[in-house]
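Residue numbers (the numbering used here), protein chains in the order written: chain A, 93 to 208; chain B, 607 to 717.
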C-alpha cells in the first residue's frame, strides 16, 4: 500500500467554524507533513512531524493546529480561518530511517478548502 | 525562507520536441528532489539528487545537480502528451525533512 489518503476531499467552512482535516498512511513512514498550495503556486511547507513529534513549524498562524495521534494519522485542526486561507491542503509522508537523511515524499490527493 | 526559482514559468512544446526546466537556489542545497504534478492532481516524486555534479536518467528524463549544489535541471527528450503537468524542484538546505519547493514550470505538449 503506497497510498496516502486524505479526508474530506472538499470542505467549505465559515470563518467562525471549527473543522479538521485528516490524513492517513500505512506505509510505516515516520515523517509526515502538511503543505498548503494556492492555485498555480508551489506547495508551501507548514508542519513536519518526525516520530509523532512536531519537528518543524514554518511560522504558521495558530488558527492551524496540527496533531499526530499515532504513526499512521495526521490531523490539521482549523479554527477562525480567513478567506485567504482557502487553498489545497496536501498531506505527505516519507520514510525516516536515519536522522539527517532525506527521502521521497508521498503526497495525498489533498483537501480543497474554501473559507467563506 | 529559502528562495528556489525555476525557469521558465510556462513552456509549450510540440510533441516530440525536447524540454528543459532549470532550478536555481539562493543558497547551497544539501539535496534536491523533483516532482511532477498533473492538472488537478498532487505532486508525485520523480527523483532525488544528493551529490555535486550528479546526473541521473529515467528513460526520457535526465536530471542534473550542479557542481556548486545551487542549481539543478530536468531535461525531457522527445516529449509526449503524457508529460503534461507542472514540474517542481524541491530543495533542502539541511539534510532531513525540510524541503522548499521551487516556483514550478508548467509544461504543455501540443499533439
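We put the CB at the ideal spot given by N, CA and C, even for glycine.
Sequence-distant residues of the same chain with beta carbon closer than 6 Å to residue i, five excluded per side
i             : result
residue 631/B : 610, 676, 697
residue 649/B : 641, 643
residue 132/A : none
Contact with chain B by residue i, beta-carbon distance below 8 Å
i             : result
residue 194/A : yes
residue 152/A : no
residue 198/A : yes
residue 123/A : yes
Through-space distance from residue j to residue i, alpha-carbon basis
i             : j             : result
residue 656/B : residue 700/B : 12 Å
residue 114/A : residue 179/A : 15 Å
residue 231/A : residue 203/A : Here chain A comprises residues numbered 93 to 208, so residue 231/A is not present and cannot be evaluated.
residue 127/A : residue 201/A : 12 Å
residue 147/A : residue 139/A : 8 Å
residue 673/B : residue 654/B : 15 Å
residue 95/A  : residue 166/A : 14 Å
residue 101/A : residue 181/A : 10 Å
residue 678/B : residue 108/A : 44 Å
C-beta neighbour in chain A for residue i, strict 8 Å
i             : result
residue 671/B : no
residue 632/B : no
residue 691/B : no
residue 648/B : yes
residue 628/B : no
Contacting residues, own chain, Cβ-Cβ under 8 Å from residue i (five flanking each side not counted)
i             : result
residue 105/A : 111, 170, 173, 205, 206, 207, 208
Where residue i falls, given that 16 or more other Cβ within 10 Å makes a residue buried
i             : result
residue 638/B : buried
residue 197/A : buried
residue 661/B : exposed
residue 185/A : buried
residue 710/B : buried
residue 682/B : buried
Same chain, Cβ closer than 7 Å to residue i, five either side skipped, listed in chain order
i             : result
residue 620/B : 716
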